[in-house]
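In the UniProt record's numbering, the protein residues as written are 1 to 458. Where a beta carbon is used, it is the ideal one built from N, C-alpha and C, also for glycine. Remember, it's a predicted structure, so these values are computed and weren't measured experimentally.
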């Protein structure tokens, strides 16, 4: 049996901009919900009939390939794609565009689909499939609407941009977004590559495969993951050297350029402040005394050696929320099995930010020439860990039966557990607020609604 699904989006932009958004490079990756375990292996070259996309899905440990092909195209009005190979017996997605007024337009997504073993699965799984489509298109439409606003705000000439750490969660998504905005993005990587958009470097030996001359913006996100593994002496050495040495390498190279970049954005973290209890930490707050605090200080000091060469921004990231990786994914994996938890009494502050708002914050930092120095990249509404736990449990319809005592946290995670889990800081994004930066998901509930597609059974 053929089922149908329809979802409409109205935006305050002319139809040319709404349709044009779908023609931007990387849009398929950008619109893939974070809870879908999917890898876009190939984007379509365009929306014309005959262009195709390949996606690898993973569900319950099983890999499925999805191939879709565009079959019809009428610029600013309509395009259609169908499944060639994939999990459905039949799938056809029509994207219809219509002007409503001079400055508003409407997108109608209309899906026709048939499940395999249709007679059986329509009864057993038909409702859950429709619910998943609703979640997916709510997410897609929110991203489209927000991205259109951001693209218009940062409508600047095409920039040549270099990004390190492009394989990380933030780096991957930022690379996609910048390419969608029309910028020329190059990746600074450690592994060998013959791609023309990748530059290979080895900071310890001083090797780099190409000159950094000609880049307008350098974004430095590289660093050994802090959250992975126990903090042994070797791990802490790797955490420090992967940040300090790479930053020093880039700073030294940039100093030698005839035409240095306009801005150098270097990542840092709110761990800079350490545990401040109930004190609100803005960018002028003194640093803490922890390992992470000392690391962030040294990391930022290396970047600031370029202050006489170009504009410097050190982005102090809070807990970036996404199901694509990081803290929220770790929480999710426990909560889905009913193992929700509070850490100690849950009184420590969690200064968080949704992934999309983190990306938009970076855009504000690199394109707004008034911003320089340290910038807190966090929501304006931090929460205590116990409230974070309860809010997430409410969205996942799961209990919070566990309380992790400090002795257990320290026993399991050592110094990392003490600094990251047992301590916290109430951080405010003062510099972003001074620039009237708008958060799309400023409170935790709205962020989880977007990131998880609403309340649902995990």
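Tell me the DSSP bridge mates of residue i?
i	result
residue 9	107
residue 201	208
residue 373	313
residue 222	None; residue 222 has no bridge partner.
residue 49	DSSP, once it has assigned bridges, lists no residue as partnering residue 49.
residue 80	72 and 94
residue 378	Answer by DSSP bridge pairing: none, since residue 378 is not bridged.
residue 54	42 and 67
residue 321	354
residue 267	315
residue 4	112
Taking C-alpha atoms, which residue in the options lies nearest to residue i?
i	options	result
residue 97	419, 113 and 75	75
residue 272	334, 283 and 184	283
residue 117	325, 99 and 89	89
residue 186	453, 175 and 290	175
residue 149	447, 453 and 437	437
residue 130	387, 72, 372 and 115	115
residue 415	364, 229 and 425	229
residue 53	401, 86, 223 and 364	86
residue 194	69, 210, 203 and 205	210
residue 334	368, 389 and 106	389
residue 478	65, 133 and 128	Given that the chain is displayed from residue 1 to residue 458, the structure contains no residue 478 and the question cannot be resolved.
residue 208	439, 309, 184 and 252	252
residue 291	49, 423, 352 and 128	423
residue 71	278, 183, 50 and 401	50
Run the CB neighbour count on residue i, radius 10 Å, all protein chains shown included, and call it buried at 16 or more, exposed below.
i	result
residue 61	exposed
residue 119	Per-residue confidence for residue 119 stands at a pLDDT of 48, beneath the threshold of 50, marking its modelled position as unreliable; the derived number appears in the next sentence. With fewer than 16 Cβ atoms within 10 Å of its Cβ, residue 119 is classed as exposed.
residue 357	buried
residue 4	exposed
residue 100	exposed
residue 201	buried
residue 35	buried
residue 2	exposed
residue 169	buried
residue 337	exposed
residue 247	buried
residue 316	buried
residue 314	buried
residue 124	Here the model assigns residue 124 a pLDDT of 47, short of 50, so the residue's position is not dependable and the matter cannot be decided.
residue 81	buried
residue 113	buried
residue 269	buried
residue 460	With the chain represented from 1 up to 458, any question about residue 460 goes unanswered, as that position is not in the structure.
residue 233	exposed
residue 158	exposed
residue 444	buried
residue 369	exposed
residue 293	buried
residue 103	exposed
residue 147	buried
residue 128	exposed
residue 407	exposed
residue 411	exposed
Short check: CB of residue i to CB of residue j, under 8 Å?
i	j	result
residue 181	residue 217	no
residue 312	residue 373	yes
residue 366	residue 215	no
residue 350	residue 319	yes
residue 140	residue 454	no
residue 155	residue 137	no
residue 322	residue 359	no
residue 267	residue 242	no
residue 38	residue 57	yes
residue 405	residue 344	yes
residue 448	residue 413	no
residue 391	residue 280	no
residue 400	residue 342	yes
residue 184	residue 161	yes
residue 460	residue 382	There is no way to answer for residue 460, as the model of the chain reaches only from 1 to 458.
residue 340	residue 393	yes
residue 84	residue 69	yes
residue 27	residue 21	yes
residue 239	residue 295	yes
Would you mind giving the Cβ-Cβ distance between residue i and residue j, rounded to the nearest angstrom? I have them listed as a contact below 8 Å.
i	j	result
residue 172	residue 166	6 Å
residue 29	residue 40	5 Å
residue 274	residue 425	7 Å
residue 254	residue 212	6 Å
residue 105	residue 11	6 Å
residue 403	residue 348	Residue 403 to residue 348, Cβ: 13 Å. No contact.
residue 197	residue 244	So it is not a contact: roughly 27 Å between Cβ atoms.
residue 387	residue 433	Incorrect: roughly 22 Å between the Cβ atoms, too far for contact.
residue 79	residue 107	Actually they do not touch by this definition, with Cβ atoms about 11 Å apart.
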